[in-house]
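Visitor: To convert a position in the sequence shown, counted from 1, into the working numbering, add 8.
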Amino acid sequence: MIAVEAAAYSILMAVSSPDLKAFLLATPFFGGLSDTSLDLLLSMLVERRVQAGQIVIAEGDPGRSMFVVHSGELEVRRQGLSGELIHTADLEPGDFFGEMTLIQMQNRSATVMATTPAVLYELTAKSLYAYYKADMHAYVIVLQNVKPRALSSPPSRR
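(1) Using only alpha-carbon positions, find the residue among M113, G80, T132 and A30 that is nearest to D43.
(2) CB-CB under 7 Å to T35, same chain, minus the five flanking residues each way: which ones, in chain order?
(3) For Y139 and Q152, I'd like the C-alpha separation in whole angstroms.
(4) In whole angstroms, what separates the C-alpha of G61 from that of M121?
(5) Using DSSP with H/G/I as helix, E/B as strand and the rest coil, what is Q152?
(6) Which residue from S51, Q59, L136 and M108 puts its Cα closest to that of E67?
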C-alpha cells in the first residue's frame with residue numbers, strides 16, 4: 009500500500025471560471041445540474057497540479073475525495089492476484105475517478121498515476137456532504153450520474 013500525502017499536490021486555488029463550468033457540465037458526473045447547483049459545486053472544488061509519474065491515489069488507501077481530469081493523461085492500475093500491477097484504464101480530460109470511495113465508503117480500488125503533467129479538480133467527502141446539505145436535488149442528480157459506474161465497478165479486494 010502506498011500512502012499519498014496531500015502535500016504532494018500543487019494546490020493552486022479554489023475554482024471559478026465560466027470555461028470550467030462548461031467543461032464540468034460536459035462531464036458525465038456533473039451533467040444535468042442547474043447553473044446555481046454548478047456554481048455551488050465550483051466553489052467547493054480545488055485545483056491540483058500533478059507531475060508525470062506522480063501517484064494521485066493508491067489502491068487500498070482510504071478514500072476522502074474524488075477527482076475530475078481537466079488536462080493531461082493518467083493511468084489506472086490494479087493489483088493482480090499474484091501481486092503484479094495490471095493496467096486497467098487510461099484517463100483523459102473529462103474523465104473522473106475516486107468517486108466510488110465517496111459513495112460506497114470503501115478504500116481505493118485502484119492506483120491512479122499521472123503519465124503526463126495533469127490538472128485535476130478535487131472534491132472532498134466533506135465538501136460533497138456540504139453540497140448534499142445545501143442542495144439535495146443536485147446531490148440526487150450526481151448520485152444518478154454515478155449509479156451506472158457503481159453497478160459495473162468491481163469490488164475492492166481490501
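All C-beta atoms, glycine included, are put in the ideal place defined by N, C-alpha and C.
Guide: Taking the geometry as given:
(1) A30
(2) V76, G102 and F104
(3) 15 Å
(4) 6 Å
(5) helix
(6) M108
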